[in-house]
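My numbering puts the first residue of the sequence shown at 63, with every later residue one more than the last.
Just so it is clear, CB atoms sit at the ideal spot from N, CA and C, and this is done for glycine as well.
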Amino acid sequence: MKTSAFKLPQIVESADTVCLATTGTDGFPSVRAMLNLKNTSLYPHLAPLYALEKNPLAIYLTTNASSAKMDEIRTCPKACLYYCDSGRFLGITLKGNVEVVEDAAFKAAAWGPGWEEYYPEGPQSDDFVMLRFTPAVVKSYSDLSVEAVELA
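Structure representation (structure tokens):
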């Protein structure tokens, strides 16, 4: 299916957090909860950046350059994102690739209120990293069934 013809389910824009899974340096999966920057009710300042994105399925994440996940991503950029609504037993897994966003102007525009707690030196800090995830496969779980869509 063409990327432009697919729309991500609502859960991606409504979940408070997203789990990012990477391959650990020991070869085992490494999973952690991340801020769901696709949730525009929590991060309304990012809506204009998403509107400018050429790929409507791209998802941005933030992390510290000094984090273990950055070593994992540099070694293997393949990753999964998992969103869930545990109250309704719905979930979606996105398989794809992660890349580091190097554009300083983009990082400054993406900077959100309160983020100085994680990145005290602000958006210009070498430790503030923006990641761009692009899905290639989407698997959704609902009503006791699984549906998979290959995007590439």
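DSSP-derived helix/strand/coil call for residue i
i    : result
P91  : strand
E178 : helix
I190 : Checking the displayed sequence, the identity of residue 190 turns out to be Phe instead of Ile. Of the three classes helix, strand and coil, the one that applies to F190 here is strand, per DSSP.
P71  : coil
L213 : coil
Contacts around residue i, its chain only, beta-carbon distance under 8 Å, and the 5 residues preceding and following it disregarded
i    : result
V208 : K201, S202
D88  : none
L193 : Y122, L123, T124, T125, I135, V160, E161, V162, V163
K131 : L82, T84, S92, R94, T125
Inter-residue spacing [alpha-carbon to alpha-carbon] between residue i and residue j
i    : j    : result
S204 : K157 : 18 Å
E134 : S103 : 30 Å
P106 : W177 : 14 Å
S129 : P118 : 27 Å
C81  : S92  : 10 Å
F168 : L99  : 14 Å
P18  : P182 : Given that the chain is displayed from residue 63 to residue 214, the structure contains no residue 18 and the question cannot be resolved.
Y145 : D189 : 26 Å
A77  : D147 : 7 Å
V199 : A141 : 11 Å
G149 : Q72  : 15 Å
Residues of its chain near residue i, where Cβ-Cβ distance is below 7 Å and the 5 sequence neighbours each way are ignored
i    : result
G174 : Y105, H107
A171 : L111
Closer than 8 Å to chain E by CB, residue i
i    : result
L104 : The structure shown has no chain E; it contains just one protein chain.
Close Cβ partners of residue i (< 6 Å) along its chain, the five nearest in sequence each way excluded
i   : result
V74 : K100, Y145
| field | 4-residue-minimum alpha helix (DSSP H) runs that sit fully inside the stretch 89-134, ordered along the chain | value | Here the runs fully enclosed are 109-114.
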